[in-house]
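Trainee: Chains as they are written, first to last, in the numbering used here: chain A, 666 to 1073; chain B, 666 to 1073.
#1: Starting from the N-terminal side, write out each stretch of the alpha helix (DSSP H) that is 4 residues or longer and does not extend beyond the segment 859-939 of chain A.
#2: Residue 872/B CB to nearest chain A CB: under 9 Å?
#3: Are the segment 784-796 of chain B and the segment 1004-1012 of chain B in contact at 8 Å, needing three or more beta carbon pairs?
#4: Residue 752/B and residue 736/B - do their beta-carbons sit closer together than 9 Å?
#5: Report the residue ranges of all beta strand (DSSP E) runs contained in full by the segment 743-813 of chain B; include only those spanning at least 3 residues, in chain order.
#6: Throw me the rounded Cβ distance for the residue 799/A and residue 798/B pair, which I believe falls under 8 Å.
#7: Quick one: Cα of residue 772/A to Cα of residue 725/A, how far?
#8: Mapping the DSSP letters down to three states, classify residue 820/B as helix, strand or coil.
#9: As a quick exercise: from 757/A, 853/A and 938/A, pick the residue whose alpha carbon is nearest that of residue 895/A.
#10: Listing by chain order, which chain A residues have their CB less than 7 Å from the CB of residue 1033/B?
#11: Does any CB atom of chain B fall closer than 9 Å to the CB of residue 666/A?
#12: For a contact defined as C-beta to C-beta under 7 Å, what are the partners of residue 918/B on chain A?
#13: Along chain B, which residues have their Cβ under 7 Å away from the Cβ of residue 718/A?
#14: Distance cutoff 9 Å, beta carbons only. Does residue 763/B sit that close to anything in chain A?
#15: Here's the rule I'm using: 16 or more other beta-carbon atoms within 10 Å means buried, otherwise exposed. How should residue 915/B be labelled?
#16: Helix, strand or coil for residue 1071/B? Go by DSSP, reduced to three states.
#17: Report the neighbours of residue 1074/B on chain A: residues whose CB is nearer than 8 Å to its CB, in chain order.
#18: From 807/A, 830/A and 711/A, pick the residue whose C-alpha is nearest to that of residue 787/A; which is it?
#19: Taking the alpha-carbon positions, what's the residue 744/B to residue 872/A distance?
#20: For residue 700/A, does the three-state DSSP call read helix, strand or coil?
#21: Beta carbons nearer than 7 Å to chain A: which residues of the segment 741-755 of chain B have them?
#22: So, with DSSP's three-state summary, where would you put residue 961/B?
#23: Over the uninterrupted beta strand (DSSP E) stretch that includes residue 734/B, give me the two end residues.
#24: Assign residue 1000/B to buried or exposed, taking buried as 16 or more other Cβ atoms, counted over all protein chains shown, within 10 Å of its Cβ.
#25: Is residue 1017/A close to chain B? Criterion is C-beta to C-beta, closer than 9 Å.
#26: Consult DSSP for residue 833/B and reduce its assignment to one of helix, strand or coil.
#27: Would you say residue 1009/A reaches chain B, if we count a Cβ-Cβ gap shorter than 9 Å as a contact?
#28: Give me the chain A residues within the contact set of residue 760/B, using Cβ-Cβ distance strictly less than 7 Å, ordered along the chain.
#29: Give the DSSP-derived three-state secondary structure of residue 943/A in the structure shown.
#30: What residues from chain B crowd round residue 863/A, counting only those whose CB sits closer than 7 Å?
#31: Helix, strand or coil for residue 846/B, going by three-state DSSP, please let me know.
#32: Which same chain residues end up closer than 8 Å to residue 837/B when comparing Cβ atoms and leaving out the 5 residues on each side of it in sequence?
#33: Specify, as a first and last residue, the run of the alpha helix (DSSP H) that residue 984/A falls within.
#34: Looking only at C-alpha atoms, which of 808/B, 969/B, 928/B and 844/B sits nearest to residue 713/B?
#35: Rounded to a whole number of angstroms, what is the C-alpha to C-alpha distance between residue 860/B and residue 974/B?
#36: Going by C-alpha distance, which of 988/A, 819/A and 832/A is nearest residue 951/A?
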């Protein structure tokens, strides 16, 4: 297992920061400001792409279309930023960052610019672009009041969506490494599951292996992995049952995501536990897996730069419905990167809770999951989740696909 | 070391939720809504006081002045909330939470109420009460548009500040346990430091002990502990130096915070490394420690319910300046709880970056640090940080004070 210690300080952030000037130009903004206060308890989700540290005081990170990077940081936070070597100028402050902020904007945006546009991190559609708190937004407005920058705040949603989305080679390599760890855990969990382990036992087994290997959890630890055994299991993010035990004729379904070196996997696999003398799964299980994989194929065939995510989802959804199964109650695929749900363009239906993300055109360099499941009556949930990277003209599989039902 | 596993699911949250109705009544609001989307990467800092899990979809937690608690959660998140047993009603949704939200508000706020006040989590002063993102605020406004709840959103700053601040007996017990671990680490680090360890070596030594004991970091791991050796060390959150090594005649200063069972310590201690034949620290070191402790005493004497934090800070600040030292460039004390900086009322000067927090009256049950430092010329930084709990008429020390300079 690679450890974060071996990666030079700020190297990943340097790759991402180098992407920023083109994205600012494309969005037509005069500056992009990330403004956050104490970040130890989480902070703006864009921060890990920009800096390799957390802050104790309010901090402004200002990026100009020229590529110039300026930080205004509390006196005691500034040395951490210095150490990363990615910032052209670091202005330390003690009492207020209003003055240094206004001075920085003065220097960045020429006075002849009549209606400046300053991008800040809010979005009603994409929570990964929505790291600016409402109170901080109000504060920024107060700071700019009475200056030529009043009323200039616009959403950085497009910039952040693109910055997160367009994975660099280093980011893709890290995800491939996370996938390899996930495959290994799947194999170990399946071997452990027979003859009759409970959902809770399998869940603990996988978590113990993850902790030993210092792997992180791609989503809330309480629901990672999701373990489903048979037809009565709670599908979704339910807690694993201590009393439901694997039985012949049932499906074992796992949904597992690990984080390695800051990047995530998110995969679903399933196994069929044979009845005595059975040599193959029953027809309803085969039919279910074919419907799921057929839907994934239908989506993947459409996935390429320029298409809107709802079209990809609709193709998969239509396929599985045509096979006689109910619609899945989620999106076919989400972007994945630092976390399982990496925000931005979504391969999902145009439902209200997805905001505008299903109509954003897909771009080269994005990494998506493709996932859905169906119930096989009496046997359990057949769910498959793969990961793909969008190429110039289509997509490539990052995961080795599960084409057949694995037998236990 | 107690582990989180032994604590019953949702028990701490139950204590905190029981505090809420009185706080809502005091704030004069008709409902308090916490609204958050995917929370695995942090989320609203108030969430750990309300729920023992993270969410994958947008979630609404609605608390009424009656004490009734209602959650609207994504279909797959709802079972996690069910398991905690703290919510009177859990409404699962698939596509949009607008309708269930409006229905819940209809049931909670009587129709005769003409100007309802719905508290939501934003604040320009207190980042721990500012967990609502700006995009989520705009979404909520959209949801309420055209209903009788339009324009009813107000800040939940007072509710959250009080909820976080007023520590329950369980919370105080957890902090005392974290303090005991911190004392132990201080003793071990001091023994390790002689004769001539570097800042970086001492830092790594402490972190290895913390990791072994599965203790968390009260602030960014990169700066916890802060290690300062002698007069040339970078004071604040600088990285520990691999080349600055302890020498006779120097001060070793540590600022360390650990998290145990979800609650934090934050303490500073210092030691003087004797020169050959020296039996006591030189006068400037003794004078420095007296100035620091005298300032802490001056603040603690004033600390009691009803006083405003800036008055406590001003007494300490005046004392240390009267002793001929420069003003410290931070607050005398901050509240501590789940993190070192727990938000709400601050014992600090009325500087712009502190917002309104220094003028909030102190309340019984709050836990504060009292901390400052001075330079002893040629010897290094003398910093002390204690923790106190506000009682009915004054305050009690949670830490065992460092009254004398410890010798190495």
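Even for Gly, the Cβ is constructed at its ideal location relative to N, Cα and C.
Mentor: The short version:
#1: Residue ranges of uninterrupted alpha helix (DSSP H) with 4 or more members, entirely inside the segment 859-939 of chain A and ordered along the chain, are 864-877.
#2: Closer than 9 Å: no.
#3: Contact holds: three or more Cβ-Cβ distances are below 8 Å.
#4: In contact: residue 736/B and residue 752/B (Cβ atoms closer than 9 Å).
#5: Taking only runs of at least 3 residues, the beta strand (DSSP E) segments lying wholly in the segment 743-813 of chain B are 754-758 and 783-785.
#6: The pair is a contact, with the Cβ atoms about 7 Å apart (cut-off 8 Å).
#7: When rounded, the separation of the alpha-carbon atoms in residue 772/A and residue 725/A is 15 Å.
#8: In this structure, DSSP gives residue 820/B an extended state, which the three-state scheme calls strand.
#9: The shortest C-alpha separation from residue 895/A is found at 938/A.
#10: Identification of chain A residues near residue 1033/B by a Cβ-Cβ cut-off of 7 Å yields none; the smallest Cβ-Cβ distance measures about 17 Å.
#11: For residue 666/A, the pLDDT reaches just 36, beneath the cut-off of 50, and the residue's location in the model is therefore unreliable, although a value from the coordinates is still provided. For residue 666/A, no Cβ of chain B is located within less than 9 Å of the residue's own Cβ.
#12: The contacting residues do not exist; residue 918/B stays about 14 Å from chain A at best.
#13: What residue 718/A touches in chain B: 885 and 887.
#14: For residue 763/B, a Cβ of chain A is located within less than 9 Å of the residue's own Cβ.
#15: Its Cβ being crowded by 16 or more others within 10 Å, residue 915/B is buried.
#16: Per DSSP, reduced to three states, the secondary structure at residue 1071/B is strand.
#17: The question about residue 1074/B has no answer here: the residues shown for chain B are numbered 666 through 1073.
#18: Of the candidates 807/A, 830/A and 711/A, the one whose C-alpha sits nearest the C-alpha of residue 787/A is 711/A.
#19: So the alpha carbons of these two residues sit roughly 20 Å apart.
#20: Strand at residue 700/A.
#21: For the segment 741-755 of chain B, residues whose beta-carbon sits nearer than 7 Å to a beta-carbon of chain A comprise 741, 742, 744, 745 and 748.
#22: Here residue 961/B carries a helix assignment [DSSP, helix/strand/coil].
#23: For residue 734/B, the enclosing beta strand (DSSP E) begins and ends at 734-739.
#24: Around the Cβ of residue 1000/B, a 10 Å sphere holds 16 or more other Cβ atoms; the residue is buried.
#25: For residue 1017/A, the answer is yes, since a Cβ of chain B falls inside 9 Å of its Cβ.
#26: Shown here, residue 833/B sits in coil according to DSSP, grouped into three states, outside any helix or strand.
#27: Not an interface residue.
#28: Chain A residues near residue 760/B: 1016, 1017 and 1018.
#29: Three-state DSSP puts residue 943/A in coil, outside helix and strand.
#30: Residues of chain B passing the Cβ test: none, with the nearest at roughly 16 Å.
#31: In the displayed model, residue 846/B falls within a helix according to three-state DSSP.
#32: 1032, 1054 and 1063, listed in sequence order.
#33: Membership of residue 984/A in the alpha helix (DSSP H) is indicated by the continuous run 974-987.
#34: The residue with the shortest Cα to Cα distance from residue 713/B is 928/B.
#35: Straight-line spacing of the CA atoms in residue 860/B and residue 974/B works out to 41 Å.
#36: Nearest Cα to residue 951/A within the set 988/A, 819/A and 832/A: 988/A.
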